[in-house]
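J.: Numbering (the numbering used here), first residue to last: 353 to 399.
Glycine included, each C-beta is placed from N, C-alpha and C at the ideal position.
These numbers come from a predicted model, not from an experiment.
(1) Mind checking which residues open and close the alpha helix (DSSP H) that includes residue 380?
(2) Report the CB separation of residue 366 from residue 375 in whole angstroms; it is logged as a contact under 8 Å.
(3) Which value, in whole angstroms, describes the spacing of the CA atoms of residue 360 and residue 383?
(4) So what does DSSP say about residue 369, is it helix, strand or coil?
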């Protein structure tokens, strides 16, 4: 038996719930913060 996708994509779900922009904004903020922490670690700074 092969598996197939049932229903809509996660992005479609978030768009329907009007949360896609909010979720994208939070994800970008978290990535930028993580990159900043990693840059500080690489430079030898205490985090």
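T.: If we stick to the structure as given:
(1) 372-395
(2) 5 Å
(3) 26 Å
(4) coil
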